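First comes the structure, then the notes that go with it.
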Amino acid sequence: MTTQHSRGPDPDPESDEERTVATGRLTADGAFPPRFSLYALVQVLASTLIALIIREIRRAHLYRTDVPPRAFAQSRLRSICLAAVFGASIPVSFLTTSTVAYLSWLAAPLALALAQHLQNRAPSRH
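For the sequence shown, the numbering used here gives the first residue as 1457, with consecutive numbering after it.
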């Protein structure tokens, strides 16, 4: 004698079909740019907020006196560079392949090195 285990009522074929269409749209080839962009946008926002927090800490003197001013400049520059690279990768994801979009993130260390070089050449304001 066999018994069937009921898993609830039979699923509605229409809603099942709707879920398949929705899932298909999210996982289709064309869905990469929006997903990639959402992740990159979160990184842009996080990096921008960190740069603003660093600015506010310095402006309001919310740090110990033994922290060198250069530490603030370096951290803020790093955050700005990350925001710029992640922001620039958003249109890249719509214009190229997923591989190129991910590889565009490798520009972050190069952008940071260039920005640090330019920062070191600039005359000090202090």
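All residues carry an ideal CB built from backbone N, CA and C; glycine is no exception.
The model shown is predicted, which means the values in this text are computed figures rather than measured ones.
Helix, strand or coil at residue i according to DSSP, with G and I counted as helix
| i | result |
| --- | --- |
| H1517 | coil |
| A1487 | helix |
| P1579 | coil |
| P1547 | helix |
| A1563 | helix |
| V1523 | coil |
| A1478 | Since pLDDT at A1478 reaches only 47, below the 50 mark, its modelled position is unreliable, and no value is offered. |
Span of the alpha helix (DSSP H) around residue i
| i | result |
| --- | --- |
| N1555 | A small correction: the amino acid at residue 1555 is Thr; Asn does not occupy that position in the sequence shown. T1555 -> alpha helix (DSSP H) spans S1554 to S1560. |
For residue i, the nearest candidate out of the options (CA to CA)
| i | options | result |
| --- | --- | --- |
| Q1499 | L1508, S1560, G1543 and R1514 | G1543 |
| P1565 | I1546, T1552, A1529 and A1539 | A1539 |
| L1533 | L1497, L1568, P1490 and A1496 | L1568 |
| I1506 | C1537, V1548 and F1550 | C1537 |
| Q1575 | L1551, S1531, I1510 and L1559 | S1531 |
| Q1572 | V1556, F1528 and A1557 | F1528 |
Chain D contact for residue i (CB, 8 Å cutoff)
| i | result |
| --- | --- |
| V1548 | No chain D is part of this structure, which consists of one protein chain only. |
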